[in-house]
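Visitor:
Protein chains in written order, with the numbering used here: chain S, 1 to 256; chain D, 1001 to 1256; chain C, 2001 to 2256; chain F, 3001 to 3256; chain X, 4001 to 4256.
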């Protein structure tokens, strides 16, 4: 018999669009081309932060550390179509000429119901207004107002000894609850957005952590790693670390 | 002694052809070249959806989310040769100039006989007309009329503790049956096409799921993951998620 | 003490040369260049099928399905040097300009002596003329006259629980014999060439299967997968599936 | 219940920036372009070794052995922003035209408190002046004055049998202490800088070893590999080995 | 307590420099450029085989089978610096324009003292002149005078059940001795050079085997694979197989 499946509720779809800059092409481009690229790039980013492309949602752009990517553009939108459109709209800009897609993540905001069936109701139907607001903030998230972002995809392990999906519901619920407790210890320091991606991308979840201090993110993840839900059951993909900048700073970003 | 092998029946051969668009080249191309590319690309896609290249079959094109691919063209055809021809015919179009092959999957539609020997007969020889129609729809599939597609390849695990191929036939049959029950719970919401690929590609099966709601696909796969056939025995490859568009919308797709 | 090593006999060396076509370059090339490329490519393939480059051997060319390769050229030759020369001779042709090497496999035909010491004698010294002919056909193979080829490399597993090389000789011999029995069930349908590659390439063996029906190859491999020698001990690399064509059809192949 | 988490203290952020040289472009470049590239490259390296870009920190450049990289530029800086700026400032130089980023590592210097709570205090608050100086040298490191560097990332294993994060604190502390003892045996021969990278990069730590004799580094790592903390619990990434050169030797480095 | 560490002695540093030829560029290059490239390439190879670049050492060049590389240049030199210089000196030649680095290995010749403390003394201090000569030949190797080379990197396994580094010294010594016995059985047929690479490259050792008959190398490695030191404890990287040629044959090599 299959193990009991936790109920989930989904909200906005999410696209994490990672790009490297082709710095050699940038240095070699004529001033006119660069100016045009910056104008179109900034306009794209501003328009999407202002969500003029869809009924609702939120977007942000980050400078990414290291060689895997230079830019991360995150979009949350009500429909999968909105993401498809946003991804291709970027390619129409002259700025895209100087970028290369190196990674991406497709997912949908998710609230899980391991600890409360109330959590997975439509926020409008949740009686407790605090919980309703909390759930709404997870399903229809504004990109938190913080300097740094950490993104990573993850799956739950399925080895013979440590098989999350073959673990009784109650044990899983307890581990999820313990993880939640650790998260609460960082309230006000680290904000988290969870998206589910089963069927949409290679891992099962995508995690965004936001903070004004990189070591808060490190501390939170280190503490969680000693918790059974991570120590025994987490399989991580690549970790990306970035710094948010307002779209109008794109020229400053590109000039080094 | 080898474990008992389930009977299978094969139908049409399948090619999943994943391509990225070279957006930089596209932006830089003269209008005349782009117009010609769109004409030839649309003609190729229309001709193959209309199956003018073979005696029978079906084809469809999808816009793929994320950086791994921009386009997925799926072909089902009676002969392996038909796929070989279709793959190379695409390259003759001016549109192919703006695409790069990033992934592909070669397989053949398959019906398995774990639960019924009747299932693996030639549909014309199956007495139960409902089953005959069902089997025919799996072996000679029309691409379902749905907005979204999810494709992933998978194999069955062969570790010391969780070895599918070293599990008694009856236990395997029971797990396959349990998987089938979950699938039935999504009747009308998610349509599935299974292709086998042992000897033809790197994994053992390719799975296509079609739905008008991305979360239905996510729900189905999440539920299955807690089922023993997946939790203990599934090894997944990459997941692709796409949105179907009619060939005549290729120009709209390319303009963002 | 080391486990007992099975005797082997080696014959001709084998090169599997996988190449993709640069279709964009091909479409853009002037007619004169294409004509010359086809002439030189066809001449190379014909010369090598006729083995004018060495004292003995056999060669064939295949159209490969999917994005990993478009062409597979297989050479069997008495000396490793012959393969080294053939590989570089291809690069001298104008046709090579339109190809890129994406994979390859270097190995040597091998007959193993798990079940009979007679098998690993020089065929000329084997008394049973039927066996002598059989062994000679494995060591000095003509590429079988069949439409389809399946190639994959494999190794034997060495985990703590399923360690082929730490299994007693008799058990290994029994498993090899069981595999052989399955193969015999496909006599007349599927022909097999086994090459060993320990020290020569990344896996331990390379396997070629030839058939006029792709599903025969799928059936054979599926049946073997339930046999202990595969279910517990096989580690597979990539699977390639191709269709043979005569060298003089290279122009037809290139025109789609 | 989660296992006890060791306290840590973080200091300067660290960027390891690995680059290959595009030697073909270099050979083909006009003398004037090369001269300018060398001037700008040397200026960048000198400015960063002199830390004119931030309030504090240290930097160094190394010639890397093997094909994975030709250059490693290491920066330690007080703020993550400083690294972001340094990474992009390099791209503004004409020298960057001849380099390609092939790897990188983002992390932060870390002192762990497995063996002493005193160790993770602000060095200014540590009473023992020897320990205060030691901790300060680990958190705010000068790049040691040694000819060779070895860099590698690592994580602690989390398999069912060897799960570092599910091991009691005392056992972990003992293993860390044993590792420390081995390190002390190489005092004066090998200097070590540890950076933590949970949430910042794909592994959990980055390790730099500095020495004037490559075999001292090899000896130290070989000895540690037999220690339980490594033999059972270490998962290593790629190893890089480099040789330091002063920025003003960049022209000599580039001329072979 | 850490397991007992075997003593080792190191000799010359080793660089294995793997390169592919850009055959398309070669075919397209003007005769004058090709002639110059061959002259400079040959001069580089001759100079390094004659070791005019360092106080001592040996070098050789090989034609590599398969697509991963076309050329392997091996250098043994007294100092790590010598290798760094040799690697970059190659890039100064016009021949390098037609090559791309695809792999490399950095290591140092190593003699291990599992079976005899005498073995790891400075050869000049070893009383037994036979052993002294043997050790010297391993630490300061001439590239053996044989037609074929096989190179592969390897590490010792550290799983829970098969953990080399957590195995008692005596058992390890016995396994090393057994491996040595197998090697002795190939005396006169296969010559071996062992280099250690802990801290210098991704695996722990690099192995070179030299022989005039490819099947001798295959036989030796197959026999060893059934020996516990390999069957339970070896983790292999990629295998390369090449054929030596004298530097003055570079033009012949390049003309196919």
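Heads up, the beta-carbon is just placed ideally off N, CA and C, and yes, glycines get one too.
Check the Cβ of residue 57 (chain S) against every Cβ in chain F and list those closer than 7 Å, keeping chain order.
Guide: The residue you call residue 57 (chain S) lines up with position 57 of the first chain. In chain order: nothing, as chain F lies at least about 26 Å away.
Visitor: Secondary structure at residue 3138 (chain F), three-state DSSP: helix, strand or coil?
Guide: Reading the fourth chain from its first residue, position 138 is the one you call residue 3138 (chain F). In the structure shown, residue 3138 (chain F) sits in a helix (DSSP, three-state: H, G or I).
Visitor: Compute the Euclidean distance between the alpha carbons of residue 4035 (chain X) and residue 2100 (chain C), then round it to the nearest angstrom.
Guide: Here residue 4035 (chain X) corresponds to residue number 35 of the fifth chain, with the count starting at 1. Here residue 2100 (chain C) corresponds to residue number 100 of the third chain, with the count starting at 1. Those two C-alpha atoms are separated by around 25 Å.
Visitor: Which residues in the same chain have their Cβ closer than 7 Å to the Cβ of residue 1117 (chain D), if we skip the five residues on either side of it in sequence?
Guide: Mapped onto the second chain, residue 1117 (chain D) falls at position 117. The answer, listed in chain order, is 1007.
Visitor: At a Cβ cut of 8 Å, what residues of the stretch 3089-3102 of chain F count as close to chain E, listed as they run along the chain?
Guide: Structure shown: chain E not included; protein chains present are S, D, C, F and X.
Visitor: Can you tell me where the alpha helix (DSSP H) holding residue 32 (chain S) begins and where it ends?
Guide: Translated into the one-based positions of the first chain, residue 32 (chain S) becomes position 32. Residues 31-49.
Visitor: Which of the residues in the stretch 201-218 of chain S, read from start to end, lie with their CB under 7 Å from any CB of chain D?
Guide: Cβ contacts with chain D: 201 and 202.
Visitor: Short of 9 Å Cβ to Cβ, which residues in the stretch 20-54 of chain S face chain F?
Guide: Hits within the stretch, in order: 20, 21, 23, 24, 26, 27 and 28.
Visitor: What's the C-alpha gap between residue 2244 (chain C) and residue 26 (chain S)?
Guide: The sequence position of residue 2244 (chain C) within the third chain is 244, counting from 1. The sequence position of residue 26 (chain S) within the first chain is 26, counting from 1. So the alpha carbons of these two residues sit roughly 47 Å apart.
Visitor: Report yes if the C-beta distance between residue 4247 (chain X) and residue 4042 (chain X) is below 9 Å; otherwise report no.
Guide: Taking the fifth chain and counting its residues from 1, one reaches residue 4247 (chain X) at position 247. Taking the fifth chain and counting its residues from 1, one reaches residue 4042 (chain X) at position 42. Their beta carbons are under 9 Å apart, which means residue 4247 (chain X) touches residue 4042 (chain X) by this criterion.
Visitor: In chain D, what lies closer than 7 Å to residue 2159 (chain C) by C-beta?
Guide: Working through the third chain from its first residue, we reach residue 2159 (chain C) at position 159. Here the neighbours are 1160.
Visitor: Where in the stretch 4140-4187 of chain X do unbroken runs of the alpha helix (DSSP H), each at least 4 residues long, occur, reported from the N-terminal end onward?
Guide: As far as the stretch 4140-4187 of chain X is concerned, its whole alpha helix (DSSP H) runs of at least 4 residues are 4169-4184.
Visitor: Give the interface partners of residue 1063 (chain D) over in chain S, defined as CB-CB distance under 7 Å, in chain order.
Guide: For the purposes of this step, residue 1063 (chain D) is taken as the residue at position 63 of the second chain. In chain order: 84.
Visitor: Are the Cβ atoms of residue 194 (chain S) and residue 62 (chain S) separated by less than 9 Å?
Guide: Locating residue 194 (chain S) in the first chain gives position 194, where the first residue counts as 1. Locating residue 62 (chain S) in the first chain gives position 62, where the first residue counts as 1. No, they are not a contact pair.
Visitor: How about residue 2008 (chain C): is its C-beta nearer than 9 Å to some C-beta of chain X?
Guide: Walking along the third chain from the start, residue 2008 (chain C) turns up at place 8. Closer than 9 Å: yes.
Visitor: Per DSSP, which residues does residue 2106 (chain C) bridge with? Please list them.
Guide: Sequence index remark: in the third chain, residue 2106 (chain C) carries index 106 (1-based). According to DSSP, which records beta bridges pairwise, residue 2106 (chain C) is partnered with C:2015.
Visitor: Compute the distance between the beta-carbons of residue 2066 (chain C) and residue 2154 (chain C), then report whether it is under 9 Å.
Guide: Position 66 of the third chain holds residue 2066 (chain C). Position 154 of the third chain holds residue 2154 (chain C). In this structure, residue 2154 (chain C) does not lie closer than 9 Å to residue 2066 (chain C) by Cβ.
Visitor: Could you work out which residues of chain F lie near residue 222 (chain S), taking near to mean beta carbons separated by less than 9 Å?
Guide: Here residue 222 (chain S) corresponds to residue number 222 of the first chain, with the count starting at 1. Correct list: 3005, 3006, 3008, 3196, 3198, 3199 and 3204.
Visitor: Does the stretch 2224-2242 of chain C come into contact with the stretch 176-196 of chain S, if we say contact requires no fewer than three beta-carbon pairs (one atom in each stretch) closer than 8 Å?
Guide: Judged by Cβ distances under 8 Å, the stretch 2224-2242 of chain C makes no contact with the stretch 176-196 of chain S, as fewer than three pairs qualify.
Visitor: Quick one: what's residue 3059 (chain F) bridged to in DSSP?
Guide: Taking the first residue of the fourth chain as 1, we reach residue 3059 (chain F) at position 59. BP columns for residue 3059 (chain F) point to F:3075.
Visitor: What is the DSSP secondary structure of residue 4069 (chain X), counted as helix, strand or coil?
Guide: Taking the fifth chain and counting its residues from 1, the one referred to as residue 4069 (chain X) is at position 69. Here residue 4069 (chain X) sits in coil by DSSP.
Visitor: Can you tell me whether residue 3052 (chain F) is buried or exposed, with buried defined as 16 or more other CB within 10 angstroms of its CB?
Guide: Locating residue 3052 (chain F) in the fourth chain gives position 52, where the first residue counts as 1. It is exposed - the Cβ of residue 3052 (chain F) has fewer than 16 other Cβ atoms within 10 Å.
Visitor: Taking all protein chains shown into account, decide if residue 4169 (chain X) is buried (16 or more other Cβ within 10 angstroms of its Cβ) or exposed.
Guide: Residue 4169 (chain X) sits at position 169 when you count from the first residue of the fifth chain. Counting Cβ neighbours within 10 Å, residue 4169 (chain X) comes out exposed, since fewer than 16 surround it.
Visitor: Any idea if residue 1030 (chain D) is buried or exposed, counting beta-carbon neighbours within 10 angstroms, 16 or more meaning buried?
Guide: Within the second chain, numbered from 1, the residue matching residue 1030 (chain D) stands at position 30. The residue in question, residue 1030 (chain D), is exposed, as its Cβ has fewer than 16 Cβ neighbours within 10 Å.
Visitor: Distance cutoff 9 Å, beta carbons only. Does residue 3182 (chain F) sit that close to anything in chain X?
Guide: Residue mapping note: residue 3182 (chain F) aligns to position 182 of the fourth chain, counting from 1. By this cut-off, residue 3182 (chain F) is an interface position.
Visitor: Going straight from the alpha carbon of residue 1171 (chain D) to that of residue 1106 (chain D), what length do you get?
Guide: Within the second chain, the letter at position 171 stands for residue 1171 (chain D). Within the second chain, the letter at position 106 stands for residue 1106 (chain D). Roughly 29 Å between the two C-alpha positions.
Visitor: Looking at the C-beta of residue 139 (chain S), does it have a partner C-beta in chain D at a distance below 9 Å?
Guide: Sequence index remark: in the first chain, residue 139 (chain S) carries index 139 (1-based). Residue 139 (chain S) does not count as touching chain D.
Visitor: Look up residue 87 (chain S) in the DSSP assignment and say whether it is helix, strand or coil.
Guide: For this step, residue 87 (chain S) is matched to residue 87 along the first chain. Helix.
Visitor: Suppose contacts are defined by Cβ-Cβ distances below 9 Å. Is residue 75 (chain S) in contact with residue 14 (chain S) by that definition?
Guide: Mapped onto the first chain, residue 75 (chain S) falls at position 75. Mapped onto the first chain, residue 14 (chain S) falls at position 14. A contact, by the Cβ cut-off of 9 Å.
Visitor: Taking 8 Å as the threshold, find out whether the stretch 4118-4135 of chain X comes into contact with the stretch 4172-4180 of chain X through three or more Cβ pairs.
Guide: Segments in contact, no.
Visitor: Is the distance from the Cβ of residue 4048 (chain X) to the Cβ of residue 4151 (chain X) below 9 Å?
Guide: Here residue 4048 (chain X) refers to the residue found at position 48 of the fifth chain. Here residue 4151 (chain X) refers to the residue found at position 151 of the fifth chain. Not closer than 9 Å, so no.
Visitor: Would you say residue 244 (chain S) reaches chain F, if we count a Cβ-Cβ gap shorter than 9 Å as a contact?
Guide: Taking the first chain and counting its residues from 1, one reaches residue 244 (chain S) at position 244. By this cut-off, residue 244 (chain S) is not an interface position.
Visitor: Compare the C-beta of residue 166 (chain S) against all C-beta atoms of chain F and say whether one is closer than 9 Å.
Guide: Working through the first chain from its first residue, we reach residue 166 (chain S) at position 166. Output row for residue 166 (chain S): interface = no.
Visitor: Report the rounded CA-to-CA distance for residue 1280 (chain D) versus residue 1040 (chain D), giving the unit in angstroms.
Guide: For residue 1280 (chain D) there is no data in the structure shown, the boundaries of chain D being 1001 and 1256.
Visitor: Can the beta-carbon of residue 1064 (chain D) be found closer than 9 Å to that of residue 1242 (chain D)?
Guide: Taking the second chain and counting its residues from 1, one reaches residue 1064 (chain D) at position 64. Taking the second chain and counting its residues from 1, one reaches residue 1242 (chain D) at position 242. Cβ distance < 9 Å, so residue 1064 (chain D) and residue 1242 (chain D) count as in contact.
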